[in-house]
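Below is one structure, written out as structure tokens; comments come after it.
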Amino acid sequence: MSGSNSSAPESRATTPEALSLTVHSVPALAPQRRRLSGRLQMLLVLAVCAAPVVASYFTYYVVRPGGRTNYSDLIDPQRPLPEQVWHDLAGAPVKSSSLKGQWLLVSVAGGACDAACEKTLYLQRQLRETLGKERDRLDKVWLVADDAPVRPEVLAAIRPRGAEATVLRVPREALAAWLAPAAGQALDQHLYIVDPMGNWMMRAPADPQPAKLKRDLEKLLRASSSWDNPGR
82 MSGSNSSAPE SRATTPEALS LTVHSVPALA PQRRRLSGRL QMLLVLAVCA
132 APVVASYFTY YVVRPGGRTN YSDLIDPQRP LPEQVWHDLA GAPVKSSSLK
182 GQWLLVSVAG GACDAACEKT LYLQRQLRET LGKERDRLDK VWLVADDAPV
232 RPEVLAAIRP RGAEATVLRV PREALAAWLA PAAGQALDQH LYIVDPMGNW
282 MMRAPADPQP AKLKRDLEKL LRASSSWDNP GR
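In the numbering used here, the protein residues as written are 82 to 313.
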């Protein structure tokens, strides 16, 4: 009996302490668990958002069905559009970042636009038109690299029947922070392909073959169709 009586108080004395430890430990762990859960959810959302972009670039750069290589030169690493202030032909300032959100086919030339320039602008226009229903995902951009006036007939040619085309004045030294010609070539001799994030990622050869360059554009648009929409 005495053994029974002596053990009971001891048991009762330890019970509140055990309960106290249990009660106070739960709130201490709960905020940590909530923070960990929030971080995991944020990482999951970022992964879901990035997956289509990553997949499209992987398809274009790595898989390359049929083992065919690109006709145009891939730029590695890609060169992001610098944050600069450019100007339209009326002299109004335009942020370079306003070009983001759309695939771009970029040409560079002086405002006088000689015969070679006219040929490049014509090719630029025709390439976009031959993309059919996908053409609204590609903008034509002419960067005028000097202060020479642009002839009205040249503007009419790049914007037939009111078609959209972006024409901006950008000093050559400013362009050097973004675009570059192939070795032994001039900046004006190429067409440049820029993705919707503003990354210059491809350069067409000088005097390109239209059919081969069109295939490059079609592959890019097809690979990005899951995440890129027309317009900005």
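Note that the Cβ used here is the ideal one computed from N, Cα and C, for glycine as well.
- Contact check for residue 165 and residue 177: beta-carbon distance about 5 Å, within the 8 Å limit, so the pair qualifies.
- Of the residues assessed, residue 305 falls on the buried side of the cut-off, its CB having 16 or more other CB atoms within 10 angstroms.
- Straight through space, the alpha carbons of residue 200 and residue 169 are spaced by roughly 22 Å.
- Counted as a single uninterrupted DSSP element, the alpha helix (DSSP H) harbouring residue 300 occupies residues 291 to 304.
- Spanning the alpha carbons of residue 269 and residue 307 requires a straight line of approximately 33 Å.
- Just measuring C-alpha positions, the residue of 229, 234, 263 sitting nearest residue 249 is 229.
- Annotation for residue 283: 151, 153, 154, 155, 156, 273, 274, 297, 301 place their beta carbon closer than 8 Å to its own, counting only its chain and skipping 5 residues before and after.
- Nearest C-alpha to residue 161 among 279, 263, 222: 279.
- In its chain, beyond the 5 residues on either side, 198, 269 have a beta carbon closer than 6 Å to the beta carbon of residue 190.
- Every unbroken stretch of the alpha helix (DSSP H) spanning 4 or more residues and falling wholly within the stretch 201 to 276 is given here in chain order: 233 to 239, 253 to 256.
- About 11 Å separates the beta carbon of residue 219 from that of residue 187, a gap too long to meet the 8 Å contact definition.
- Residue 167 is a Cβ neighbour of residue 175, given a cutoff of 8 Å.
- Counting along the chain, the unbroken beta strand (DSSP E) around residue 188 starts and ends at 184 to 190.
- Residue 226 is not a Cβ neighbour of residue 262, given a cutoff of 8 Å.
- By the criterion of a C-beta distance shorter than 6 Å, residue 240 is surrounded in its chain by 246, once the five residues flanking it on both sides are discounted.
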